[in-house]
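Data first, discussion second: the structure below is written as structure tokens.
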Amino acid sequence: MSEAQGGNRPWITWYGDDFTGSAAVMEALAFSGVDSVLFTELPTPEFLARFSGCRGIGLASSARRPGPGWLRAHRPAPLRFLDTLGAPLLHYKICSTFDSAPEAGSIGQAIEIALSIRPAQAVPMLTAAPRMRRYQAFGHLFAGSFDGVFRLDRHPVMAHHPVTPMHEADLLRHLARQTTLSAGLIDLEALATDPQARLDELVGAGARILSIDNMNADSEVAAGRLIWENRNRLGLVLGSQGIEYALTRHWAEIGLIAPAEAPGGAGRADRIAAVSGSVSPMTAEQLGWAGAHGFELLPLDATQMLGDEALMRAEEERAARAACAAAGRGLSPLVHTAAGPGDPAVAAFRSALGQSGFDPETANRRIGEALGRVLDRVLRDTGLRRAVISGGDSSGHALRRLGLQALTAIAPTIPGAAINRGHGTGQHDGLEIALKGGQMGSRDFFGWVRDGGGPR
Numbered sequence: 485m486s487e488a489q490g491g492n493r494p495w496i497t498w499y500g501d502d503f504t505g506s507a508a509v510m511e512a513l514a515f516s517g518v519d520s521v522l523f524t525e526l527p528t529p530e531f532l533a534r535f536s537g538c539r540g541i542g543l544a545s546s547a548r549r550p551g552p553g554w555l556r557a558h559r560p561a562p563l564r565f566l567d568t569l570g571a572p573l574l575h576y577k578i579c580s581t582f583d584s585a586p587e588a589g590s591i592g593q594a595i596e597i598a599l600s601i602r603p604a605q606a607v608p609m610l611t612a613a614p615r616m617r618r619y620q621a622f623g624h625l626f627a628g629s630f631d632g633v634f635r636l637d638r639h640p641v642m643a644h645h646p647v648t649p650m651h652e653a654d655l656l657r658h659l660a661r662q663t664t665l666s667a668g669l670i671d672l673e674a675l676a677t678d679p680q681a682r683l684d685e686l687v688g689a690g691a692r693i694l695s696i697d698n699m700n701a702d703s704e705v706a707a708g709r710l711i712w713e714n715r716n717r718l719g720l721v722l723g724s725q726g727i728e729y730a731l732t733r734h735w736a737e738i739g740l741i742a743p744a745e746a747p748g749g750a751g752r753a754d755r756i757a758a759v760s761g762s763v764s765p766m767t768a769e770q771l772g773w774a775g776a777h778g779f780e781l782l783p784l785d786a787t788q789m790l791g792d793e794a795l796m797r798a799e800e801e802r803a804a805r806a807a808c809a810a811a812g813r814g815l816s817p818l819v820h821t822a823a824g825p826g827d828p829a830v831a832a833f834r835s836a837l838g839q840s841g842f843d844p845e846t847a848n849r850r851i852g853e854a855l856g857r858v859l860d861r862v863l864r865d866t867g868l869r870r871a872v873i874s875g876g877d878s879s880g881h882a883l884r885r886l887g888l889q890a891l892t893a894i895a896p897t898i899p900g901a902a903i904n905r906g907h908g909t910g911q912h913d914g915l916e917i918a919l920k921g922g923q924m925g926s927r928d929f930f931g932w933v934r935d936g937g938g939p940r
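Letter by letter, the sequence shown follows residues 485 to 940 in the working numbering.
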């Protein structure tokens, strides 16, 4: 086996700042023929050994929203664990819409912490992923929605995000508010001519962050080649699953991996169970479709998650009973906290939050954990073996309530939201589960998962 293959070591490890994005990296690798696993917590040596043949190993977190103090305390340990696995590339995974702010999920601080653990001359930053309708041209990021493709600072969702609104589409300008590390751009012209010369020029001038454009298959494979060929000195990379899309294109080009067979579906399920903590307009459209196609929409009063324990548990019990009853009638229960940003439940929650004394991160955690407990109860009582968790922040908190310690991808849906198999030591071992970010998915996403996913 060649040095590039690295013996039995993984080729790439990644740390994700939310669960849905972390799973998207695993999917990008797995469906390209690179065996991969995503851990939901630091694994024991015995549990890690179950996945010893994996070339991609990831660790998911809920690190997108917390402030700088929490991040300094909690980021180093998982990064050190991944660094010890010996992969030539350590990927700090961020959202493809660059969700971040100096006070919430600072990407700039993430780079600084990661560099203290995995030193590198510079950090390639590849955020765009054309297969997900995320594009970067001359430093500016664009993202697709149901209504078209928008520059990020004009995007109908991201420009008005309640926690990390994007007022700047030039990522290096946005990032400059979060770090003093110097940075430079490898743009489309450089990628099409001599990207190595541009990289050497920037590193020679002291740049520590290298933002890389990405618009199509040609620029993607050029980016993958540049990152892989410079892995010995640029062993820390930052970006979305666009990193893995680019690398797998290059690995296939050089014969490191064989052309992958098109993945199939997981087969139709009669009913599934779903929970949603997203307030995205895209999720609202998906909920509307689901309610008209065999799902029963069941609200969970999120304001009760801000009260005392008894009130919270009572609301969880009410929602779980309603969900089990819906399943008993042959429907797929879908418990949700809001049907989009215009739902009166959103205003009610914000008002309750202001009076509760909870910070938004604690409130989000409580909601996610409540959704997880409801889903756990529904799965146990109904015997359903396929589920969906919608909402990037909700997914991590909810998934932990199920006792699943690892995920492997089994069937695609839209890029970034595959159906996975859950691995653990409890009752939910083997559960089929999809994790979906709020701004992701087709209108019929919940039905697609019920049908078993698979390419379209």
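All C-beta atoms, glycine included, are put in the ideal place defined by N, C-alpha and C. Since the model is a prediction, treat every value here as computed from it, not as a measurement.
Going residue by residue through the region 574–661, where are the continuous beta strand (DSSP E) segments of at least 3 residues, counting only ones entirely within it? 607–610, 618–621, 624–629, 632–635
Of the residues Asp671, Arg534, Arg940, Ser926, which one's Cα is nearest the Cα of Pro747? Arg940
If you follow the beta strand (DSSP E) that His881 is part of, which residue opens it and which one closes it? Per DSSP, His881 belongs to no beta strand (DSSP E); it is in the alpha helix (DSSP H), 876–884.
Measuring only the C-alpha atoms, how far is Arg869 from Leu718? 42 Å
Exposed or buried, which one is Phe930 when buried takes at least 16 other CB atoms within 10 Å? buried
Looking at C-alpha atoms only, which residue of Phe779, Glu745, Gly751 is the closest neighbour of Ser760? Phe779
Assuming Thr787 contacts Ala832 under a Cβ cut-off of 8 Å, what Cβ separation, rounded to an integer in Å, is found between them? Contact holds; Cβ gap of about 6 Å.
Run through DSSP, which three-state label would Glu487 get? The predicted position of Glu487 is uncertain, since its pLDDT is 41 and thus under 50; a value taken from the coordinates is nonetheless stated next. Three-state DSSP puts Glu487 in coil, outside helix and strand.
Residue range of the alpha helix (DSSP H) that Gln839 falls in? Residues 828–840.
Using the C-alpha atoms, what's the distance from Arg635 back to Phe626? If you take the alpha carbons of Phe626 and Arg635, they lie about 4 Å apart.
Check whether the region 529–536 touches the region 629–643, taking contact to mean three or more Cβ pairs, one atom from each stretch, closer than 8 Å. no
Report buried or exposed for Arg556, applying the criterion of at least 16 other Cβ atoms within 10 angstroms of its Cβ. exposed
Where do the N-terminal and C-terminal ends of the alpha helix (DSSP H) with Leu891 fall, by residue? Run containing Leu891: none in the alpha helix (DSSP H); it sits in the beta strand (DSSP E), 888–895.
Nearest by alpha-carbon distance to Ile696: which of Asp913, Pro825, Ala689, Val721 is it? Val721
Since Arg682 is in the alpha helix (DSSP H), which residue starts that stretch and which ends it? 679–688
Using DSSP's beta-bridge definition, name the partner residues of Asn492. Paired residue(s): none; Asn492 is not in a bridge.
Under 8 Å by Cβ, that's how I've got Arg752 and Asp935 pegged, so tell me the actual separation to the nearest angstrom. 5 Å
Among residues of its own chain, excluding the 5 on either side of Ser724, which ones have a beta-carbon nearer than 6 Å to its beta-carbon? Ser580, Thr611, Ala613
Span of the beta strand (DSSP E) around Leu781: 779–783
List the residues that DSSP assigns as beta-bridge partners of Tyr499. Leu543, Tyr576
Secondary structure, alpha helix (DSSP H): runs of 4+ residues fully inside the region 690–737: 701–713, 726–737
Does the pairing of the region 790–808 with the region 838–851 give three or more beta-carbon distances under 8 Å? Segments in contact, yes.
Let's see if you can read the secondary structure: which residues bound the alpha helix (DSSP H) around Ile756? Premise fails: Ile756 is in no alpha helix (DSSP H) and is neither H nor E.
Does DSSP put Gln923 in a helix, in a strand, or in coil? coil
With DSSP as the reference, label Val819 as helix, strand or coil. DSSP places Val819 in strand when its eight states are reduced to three.
Over the uninterrupted alpha helix (DSSP H) stretch that includes Gly775, give me the two end residues. 765–775
Element boundaries [beta strand (DSSP E), containing Gly906]: 903–908
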